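Position 56, counted from 1, in the sequence shown is what UniProt numbering calls 56; the numbers after and before it change by one each time, with no gaps.
For glycine and all other residues, C-beta sits at the position ideal for the given N, C-alpha and C.
Treat the numbers as computed from the prediction; the structure is a model and nothing was measured.
Heads up: the structure comes next, in C-alpha cells.
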Amino acid sequence: MKGSSRDLRTEDIDALRLIEEKIGRLPLGLAIVGAIFCELRIGPLELLNAIDDMPMREISWVTKDDVLLSRNPFLVQLLDMCFSLLDREKNLGKLASRMIEASSWFAPSPIPISMLALAARGISKGRQQLTQVRKGFARVLSCSFCIAPAATKNNPEAEASSMLIRLGLVRSCAREGYLSFHDIVNLHARRRSNAEVARSAVVRAIIKEGSVSRHSDHVWAACFLLFRSGTGPVTVDLPTRDLLSFIKRFVLPLASQSFTMFSMYNAVLELLRLSSRALEVLVDSFLSEEKKYASSCFNPKRMSSIEPNPLLYYDLERVRATILDRRAMIMMRGCQHDVAEQLCRTAVGIKEVIYGPEHPETRSTCILMEQSIMYQSKF
C-alpha cells in the first residue's frame, strides 16, 4: 500500500480503525499489519476481508500463556494468514515457516540462523498446510517477496530470515547471524506445529551446532526436551550412543560451569539427577538384554537379535559414575553431606567394578566420601 492517509477512501480509513480495534492495539499486531502494507500491494479493506476470511481453527488453549491468543482470535487469524502467505512461497517461504515452528522449541533468546535453519530442515516436509487463503487474496499475494535483497542472493537461510523480518514476524539482532522471536509468535507456532517432529529436529540441530560456551540457553532447552521434567513425558528419544554423547558434551560441562560460577545449583542438580536416572534405565535394559542373550545361547529357538556390547556398558557406567561424583561435589558445597555420602558410595560401587578398588578414579571418589563423613561428624 502506497500513498498517504489523504489518498485513502473512507471505507479504507474505517477498515484501518476496525483492524486496530480488533487487534486490541497490540504493538506486535500493529507492526505486522504495517509490514504487510509495506510489502504487499493491498489496501486496508482488502486486508481486513482477507483476515476475516481465514477459518477459525479449534485450538485448545490450556496454559496461562495462552490467554492472550485465546482472547484475541483476530490476532490468531492474522498470524494464520502470515503462515499461509509463507506456505504459498515455494522453498524459501516454507523454510521460513518451518524456521518459526522450530524457534518455538528453542530457548527464549536470540537464535543462530544457521542452527535455526538446520532445525527447520529437519521438520517433516510432509506437514500439511493448516490454513488456506481465499482465491481473490491469493492473486494479491502472488507478487509478494519476489525480490530478495542483493546481499542475501544464493543464501537460502539469509533470504528466509529477510522474509520473516520484512513481514514483521521476527527481529534482527545486534549480534550478526542471530534472530529474535516474539513470545506470541512462538506460542502461535507451537500450537500449529507437529510438536514431536519439531522438538526432535531442534534437539538434533543443537547437538550438531550447539556449544555450552556460546549457546548455553539453547543447550538448556535441549536438556528440558530430552529429560523428563516434573510429571511430563520425555519429549525426545535419542539412541543410546547419541544420549551418551549429549551428556558428555553438554550436561557435564553445564554442571562444571555451574560449580565454577556458583550459580543455578538447583537446576543443575535436577539435570544431573535426570541424566543419572536415564543412564540407570539404559544400564538395566542392557543387563536384561544380556541375560536374554545368555539364555538364548542354550536355546537356539529363543535366539535374541541383540548381542551385548561390553564397551557400551562400561561407557554407560563410567558416565553415570562421573555424574554421581558431580552431584556429590555440589551437595557438599551446599552442606548436604549425608546425601553426598550416599552418592559417593554408589559411585564407588560402580568404579570398583569397572576400574578396580585401587584405581585413581576409585580412590578420588573414596576421598570425597571420607570428606563428607568427616564433615558430618563435625556438624
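(request) Assuming alanine 189 contacts serine 103 (C-beta within less than 8 Å), just tell me the rounded distance between them. (result) Indeed, because the Cβ distance is near 7 Å, the residues count as touching under 8 Å.
(message) Buried or exposed, going by whether 16 or more other CB atoms sit within 10 Å of the CB of glutamate 101?
(response) Looking at its Cβ environment, which holds 16 or more other Cβ atoms inside 10 Å, glutamate 101 is buried.
(message) Let me check understanding here. Comparing Cα to Cα, which of Glu341, Lys378 and Ile350 lies closest to isoleucine 367?
(response) Sorting Glu341, Lys378 and Ile350 by C-alpha distance to the C-alpha of isoleucine 367 places Glu341 at the top.
(message) So aspartate 325 and threonine 362 are supposed to be a Cβ contact under 8 Å. How far apart are they, rounded?
(response) The pair is not a contact, with the Cβ atoms about 11 Å apart (cut-off 8 Å).
(request) Look up proline 112 in the DSSP assignment and give the residues it is bridged to. (result) Residue pairing by DSSP places proline 112 opposite Tyr178 in a beta bridge.
(message) Among Leu179, Thr322, Arg249 and Glu11, whose alpha-carbon lies nearest the alpha-carbon of glutamate 209?
(response) For glutamate 209, the nearest C-alpha among the options comes from Arg249.
(request) With a floor of 4 residues, list each alpha helix (DSSP H) that falls wholly inside the segment 11–76, ordered by position along the chain. (result) Here the runs fully enclosed are 27–39, 44–53 and 67–70.
(request) Check whether the Cβ atoms of tryptophan 105 and leucine 254 sit closer than 8 Å, and answer yes or no. (result) Going by C-beta atoms, tryptophan 105 is not nearer than 8 Å to leucine 254.
(request) Could you tell me the boundaries of the alpha helix (DSSP H) in which residue 415 lies? (result) What is shown of the chain runs 1 to 379, which leaves residue 415 out entirely.
(message) I'd like the span of the alpha helix (DSSP H) that includes valine 353, first residue to last.
(response) From DSSP, the alpha helix (DSSP H) with valine 353 extends over 337–354.
(message) I'd like the list of long-range same chain contacts for arginine 121, defined as Cβ closer than 7 Å, with 5 residues on each side in sequence excluded.
(response) Result list for arginine 121: empty, nothing under 7 Å.
(request) Would you mind working out which of Leu69, Cys173 and Gly177 sits nearest arginine 191, comparing C-alpha positions? (result) With distances taken between Cα atoms, arginine 191 lies closest to Leu69.
(message) Assuming the contact rule is C-beta atoms closer than 8 Å, leucine 316 and leucine 279 should be a hit. Round their C-beta distance to whole Å, please.
(response) About 6 Å; that satisfies the 8 Å criterion.
(message) Once DSSP output is grouped into helix, strand and coil, what is the label at valine 268?
(response) In the structure shown, valine 268 sits in a helix (DSSP, three-state: H, G or I).
(message) What does the Cβ neighbour count give for cysteine 38, buried or exposed, with the cut at 16 atoms within 10 Å?
(response) Exposed.
(message) Just list the residues that DSSP pairs serine 172 with in beta bridges.
(response) According to DSSP, which records beta bridges pairwise, serine 172 is partnered with Leu179.
(message) Nearest by alpha-carbon distance to valine 185: which of Pro27, His359 and Ile19 is it?
(response) For the residues Pro27, His359 and Ile19, the minimum Cα distance to valine 185 belongs to Pro27.
(request) Express the C-alpha separation of asparagine 309 and methionine 163 in angstroms, rounding to a whole number. (result) Between the alpha carbons of methionine 163 and asparagine 309 lies a gap of roughly 49 Å.
(message) Please identify the residue among Gln257, Val268, Leu311 and Leu269 whose C-alpha is closest to the C-alpha of valine 283.
(response) Per the Cα distances, Leu311.
(message) Buried or exposed, going by whether 16 or more other CB atoms sit within 10 Å of the CB of isoleucine 373?
(response) Isoleucine 373 should be labelled exposed.
(request) May I ask you to report which of helix, strand or coil DSSP gives proline 357? (result) Three-state DSSP puts proline 357 in coil, outside helix and strand.
(request) Could you check what DSSP says for glutamate 289 in three-state terms: helix, strand or coil? (result) Correct three-state label for glutamate 289: helix.
(request) Report buried or exposed for aspartate 80, applying the criterion of at least 16 other Cβ atoms within 10 angstroms of its Cβ. (result) Flag for aspartate 80 reads buried.
(request) Please name the residue, chosen from Glu89, Gly168, Met54 and Tyr314, that lies closest to leucine 30 on a Cα-to-Cα basis. (result) Among Glu89, Gly168, Met54 and Tyr314, the Cα nearest to that of leucine 30 belongs to Gly168.
(message) Going by DSSP in three states, glycine 334 sits in which element: helix, strand or coil?
(response) Coil.
(request) Return helix, strand or coil for alanine 201, following the three-state DSSP convention. (result) Residue state, collapsed to three classes: helix.
(request) Identify which residue in Leu45, Ser97, Val197 and Ser258 has its Cα closest to the Cα of leucine 8. (result) Taking each of Leu45, Ser97, Val197 and Ser258 in turn and checking the Cα distance to leucine 8, the smallest one comes out for Leu45.
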